[in-house]
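Notes follow once the structure below has been shown.
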Amino acid sequence: MKLKSPADLEALTKSINDKRDPNKPYISICSGTGCHAYGCESITDALKEEVTKQGADVEVRTTGCHGFCERGPLVVVHPKGIFYQQVKIEDVPEIISETMLKGNVVEKLLYVNPGTEEKLIHESDVPFYAKQQRLIFGNNGHIDPTSIEDYIALGGYAALSKALSSMKPQQIIDEVTKSGLRGRGGGGFPTGRKWQSTRDAESEDGVRYVICNADEGDPGAYMDRSLVEGNPHSILEGMVIGAYAIGANQGYIYIRHEYPLAVVNVKKAIEQAEEYGLLGDNILGTGFSFSITIVKGGGAFVCGESTALMASLEGKPGDPRAKYIHTSEKGLWDKPTNLNNVETWANVPWIIDKGADWYSKIGTDGSKGTKVFSLVGKINNTGLVEVPMGIRLKEIIYDIGGGIPEGKKFKAVQTGGPSGGCIPESLLDLPVDFDELDKVGSMMGSGGMIVMDETNCMVDIAKYFIALLVGESCGKCVPCREGLKRILEILTAITEGRGKDGDIETLERLCSTLYDSALCALGGTAPNPVMTTLKYFRDEYDAHIKDKKCPAGVCKELITYSIDEEACTGCQRCVKECPTEAIASQGKKEPVSLDPAKCIKCGSCYDVCKFNAVVVR
Amino acid sequence: MDDKKIASILDKYDRDTGQLVPILQDIQDEENYLPKEALVQVGLGLGISLSQVYSVATFFKAFSMKPRGRHLINVCMGTACHVRGAERVLEKIERDIGIEAGDSTDDGRFSLETVNCVGACALGPIVIVDGDYAGQMRTDKVGKMLKKYE
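Chains as they are written, first to last, in this note's numbering: chain Z, 102 to 718; chain W, 143 to 292.
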């Protein structure tokens with residue numbers, strides 16, 4: 102069905118909604134990558150089978166990621182919003198017979214509030230969701246990402262229709278500028294200004310490009326993945342609006358090959374949008390044409406950098422270039438090119454639909470709107486959270502995230518991926534926005550938030566990020582190629598007990614050279630993990646260098662394993678696991694013995710012990 | 143891989159140089175790695191130099207220039223997995239199958255690789271074998287997991 106005018110779209114939206122009864126119950130099952138790994142597919146099959154078997158008049162809808170990955174597989178019964186978590190196949194018949202047919206709640210599947218032990222029935226009551234403000238992710242739990250009609254039913258493509266039929270390109274750019282939207286990929290550059298300069302740039306043949314950067318490379322960040330998987334049309338809609346405003350007829354989505362489901366879903370969304378006349382030639386009969394090509398990345402972190410990504414799109418290795426000529430003037434194939442991140446594009450329909458004045462009420466003075474974070478690591482409620490800019494770190498970590506597991510003590514939160522820094526407990530009151538994170542030496546980045554507890558070593562974390570960047574450095578500029586290697590050598594020496602006086606000063610000097618002279622943002626921000634850990638966790642560096650100790654018990658060369666004889670029950674599990682026969686049995690029910698000379702500190706005994714009898718010091 | 147098959151992959155992408163990475167991915171999906179002859183054919187087919195094809199093929203982590211084993215083990219080394227002990231899991235796998243990350247076993251059973259993040263952080267540490275996710279991995283679960291793949 103090809104929609105030939107904005108009126109056609111309006112009629113279609115109405116006819117879809119007329120056919121749908123808003124009070125008719127449906128079961129939404131999270132089908133994001135996390136829940137997939139938990140086995141949601143077999144639960145979906147079981148739900149469908151059981152619906153038929155018990156004769157319930159219920160739709161089973163597989164949706165994108167709901168965000169609360171910790172508790173998957175997630176099942177929500179709408180329209181009431183009854184929230185079931187950690188659902189197993191054997192629970193399925195009861196969900197249908199009790200909830201769908203009789204209207205009763207299955208108590209054992211409810212979320213129990215850890216503070217009050219109260220069982221919470223509705224999704225909106227669960228603390229993880231209650232403090233969030235879900236715009237971009239709001240529809241993820243309601244639409245089947247492979248159904249364009251689900252998206253249209255909720256007002257999808259209305260912003261596109263409004264933009265194409267009643268707004269001039271300059272008006273759109275003005276609206277985006279006024280909204281205060283800043284790039285969600287990490288840099289935080291004002292989106293409206295970027296669009297304006299791409300539109301204003303000279304192009305002899307009039308060719309301009311827009312690109313969606315879905316090469317989400319920051320380890321620990323997966324909001325873009327979940328957005329592309331769960332609501333691909335919102336990104337396409339944003340891109341078409343942007344292309345119209347900028348004057349581009351060709352767009353690209355550059356997406357990681359590690360995200361197979363996202364590739365499938367966005368491909369399908371493009372086909373559907375073309376079929377409905379919302380993408381391709383003469384969109385909605387307005388005379389504007391725009392098409393999108395998907396290109397899969399090859400697993401290189403640096404390709405998240407805009408010039409490296411464009412080099413890759415030209416069939417070259419992903420080497421960045423110096424940006425004395427902006428990509429908005431000479432980008433892909435030397436044409437004016439506008440690149441935005443997935444989440445940035447997904448914000449656009451909201452701004453056009455609701456207006457810049459509405460949008461700019463959310464957030465802080467310098468950072469407008471919401472931001473999606475992936476809250477991961479040592480945190481009780483792992484998942485994706487969408488919050489207004491300006492929310493305090495501790496609200497995210499404690500109110501939404503539920504604090505640190507196993508009663509351990511919070512040590513740091515790492516934001517901004519390998520370009521970001523580690524923020525200590527004393528700064529948990531920090532309001533989260535672009536500028537505040539910069540001030541403390543970290544950055545927003547794409548929105549990864551990795552929580553660490555007392556058992557994480559901050560020198561090891563700095564080493565981890567530098568090692569990652571050494572592997573990902575493209576090697577084009579000397580400060581990054583050589584400087585990072587030297588930093589890694591020093592950090593390695595420190596973690597292996599070979600640290601010496603003067604190391605910290607050398608690290609600081611190398612870091613400042615990198616800041617000043619690296620070619621692209623990968624190298625230029627690479628010192629952040631080192632500099633912030635030096636600033637906030639200097640005592641840990643000193644312990645490694647001076648006392649030859651790793652206080653967190655991580656760095657192998659500086660720790661020893663031993664057996665707590667009081668705690669050891671003699672169950673012998675560690676004896677079986679030990680690969681070097683360092684642990685020996687002393688008879689049943691007797692504490693085992695550990696020979697430090699044979700121990701390779703592999704941690705197998707620690708992992709397998711149920712009685713906390715393996716001590717790491 | 144015969145020339146015809148390569149030609150059909152090139153045609154699928156309209157012989158567009160900008161699609162070099164996806165073209166190489168398709169070849170690798172078929173062959174399990176990137177054979178030298180295939181790279182030569184791609185260069186000729188796209189009208190670009192072999193050195194350009196080679197530089198792209200060796201730049202990206204996803205490509206292997208050596209034949210891979212029957213089963214591909216990918217250990218996620220993302221930050222969330224790292225803070226939960228991914229290193230220990232990787233070392234255990236390396237000990238069990240006797241190779242280091244980046245290599246394949248002599249019997250052709252396994253190839254072992256690491257990946258920076260697969261975006262399923264709630265399940266960390268994660269190991270992916272042939273596309274199947276094994277979450278909340280610990281050293282003592284490795285043996286059982288490997289047994290499933292012959």
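For every residue, glycine included, the Cβ atom is placed at its ideal position computed from N, Cα and C.
{"query": "According to DSSP, is Leu221(Z) part of a helix, a strand, or is it coil?", "result": "strand"}
{"query": "Measuring CB to CB, does Cys726(Z) end up less than 8 Å from Thr681(Z)?", "result": "Because chain Z in this structure spans residues 102 to 718, residue 726(Z) falls outside the shown range and cannot be described."}
{"query": "Am I right that Ala346(Z) and Ile274(Z) are in contact with their C-beta atoms under 8 Å? What's the rounded C-beta distance?", "result": "5 Å"}
{"query": "Quick check: the Cα distance between Glu179(W) and Ala138(Z), rounded to an integer number of angstroms?", "result": "37 Å"}
{"query": "So with Cβ pairs under 8 Å, would you call Glu233(W) a contact of chain Z?", "result": "yes"}
{"query": "Going by Cα to Cα distance, which pick from Ile148(W), Gly285(W), Gln170(W) is closest to Gly399(Z)?", "result": "Gln170(W)"}
{"query": "Looking at the secondary structure, which residues open and close the beta strand (DSSP E) in which Pro270(Z) lies?", "result": "Counting along the chain, Pro270(Z) falls outside any beta strand (DSSP E), though it belongs to the alpha helix (DSSP H) covering 270-280."}
{"query": "Nearest-angstrom Cα distance between Gly286(Z) and Asp536(Z)?", "result": "15 Å"}
{"query": "Using CA coordinates, which residue listed in Phe169(Z), Pro270(Z), Leu379(Z), Val159(Z) is at the minimum distance from Val473(Z)?", "result": "Phe169(Z)"}
{"query": "I'd like the ranges of any beta strand (DSSP E) spanning at least 3 consecutive residues and lying wholly in the segment 360-401 of chain Z.", "result": "392-397"}
{"query": "Is there at least one Cβ from chain W nearer than 8 Å to Leu261(Z)'s Cβ?", "result": "no"}
{"query": "Given a threshold of 16 other Cβ atoms within 10 Å of its Cβ, counted over all protein chains shown, does Glu338(Z) qualify as buried or as exposed?", "result": "buried"}
{"query": "For Asn174(W), would you say it is in contact with chain Z, using Cβ-to-Cβ distances shorter than 8 Å as the test?", "result": "no"}
{"query": "Starting from Asp640(Z), trace the alpha helix (DSSP H) in both directions and tell me its first and last residue.", "result": "639-646"}
{"query": "Are the C-beta atoms of Lys178(W) and some chain Z residue less than 8 Å apart?", "result": "no"}
{"query": "Answer with buried or exposed for Gly508(Z), where buried requires no fewer than 16 other C-beta atoms within 10 angstroms of its C-beta.", "result": "exposed"}
{"query": "Applying a beta-carbon distance threshold of less than 7 Å, which residues of chain W neighbour Ile551(Z)?", "result": "Thr221, Ala222, Val225"}
{"query": "May I have the straight-line CA-CA distance separating Ile128(Z) from Met279(W), to the nearest angstrom?", "result": "31 Å"}
{"query": "How about Lys699(Z): is its C-beta nearer than 8 Å to some C-beta of chain W?", "result": "no"}
{"query": "Contact defined as beta carbons within less than 8 Å: I believe Ile497(Z) pairs with Val533(Z). What is the distance between those atoms, to the nearest angstrom?", "result": "7 Å"}
{"query": "Any beta carbon from chain W within less than 8 Å of Cys703(Z)'s own beta carbon?", "result": "yes"}
{"query": "Determine the extent of the alpha helix (DSSP H) in which Glu255(W) is found, giving its start and end residues.", "result": "Run containing Glu255(W): none in the alpha helix (DSSP H); it sits in the beta strand (DSSP E), 252-257."}
{"query": "Check this for me: beta carbons of Arg251(W) and His213(W), under 8 Å apart or not?", "result": "yes"}
{"query": "From the DSSP output, in three-state form, read off Arg422(Z) for me.", "result": "coil"}
{"query": "Suppose the cutoff is 6 Å on Cβ atoms and the five residues either side in sequence are ignored; what does the same chain contact list for Gln272(Z) look like?", "result": "none"}
{"query": "Looking at chain W, is there any beta carbon in it that lies within less than 8 Å of the beta carbon of Lys424(Z)?", "result": "no"}
{"query": "For the alpha helix (DSSP H) that Cys223(W) lies in, which residues bound it at each end?", "result": "221-225"}
{"query": "For the pair the segment 555-568 of chain Z and the segment 651-660 of chain Z, tell me if three or more CB-CB distances fall below 8 Å.", "result": "yes"}
{"query": "Interface residues of chain W around Pro680(Z) at Cβ under 7 Å?", "result": "Arg237"}
{"query": "Measure the beta-carbon distance from Val488(Z) to Ile551(Z) and round it to whole angstroms, keeping in mind my assumption that it falls under 8 Å.", "result": "Contact flag wrong, Cβ pair sits at about 17 Å."}
{"query": "Taking Cβ to Cβ, would you say Gly388(Z) is nearer than 8 Å to Lys105(Z)?", "result": "no"}
{"query": "Helix, strand or coil for Thr445(Z)? Go by DSSP, reduced to three states.", "result": "helix"}
{"query": "Looking only at its own chain, which residues have a Cβ that is under 6 Å from the Cβ of Lys234(W), when we skip the five neighbours before and after it?", "result": "Thr281, Val284"}
{"query": "List the endpoints of the continuous beta strand (DSSP E) containing Gln351(Z).", "result": "351-356"}
{"query": "Compare the C-alpha of Thr159(W) against each of Ser335(Z), Gly284(Z), Asn118(Z), Leu414(Z) and name the closest.", "result": "Leu414(Z)"}
{"query": "Got a sec: which bits of the segment 131-147 of chain Z sit with their beta carbon under 8 Å from any beta carbon on chain W, in order along the chain?", "result": "Thr134, Gly135, His137, Ala138, Tyr139"}
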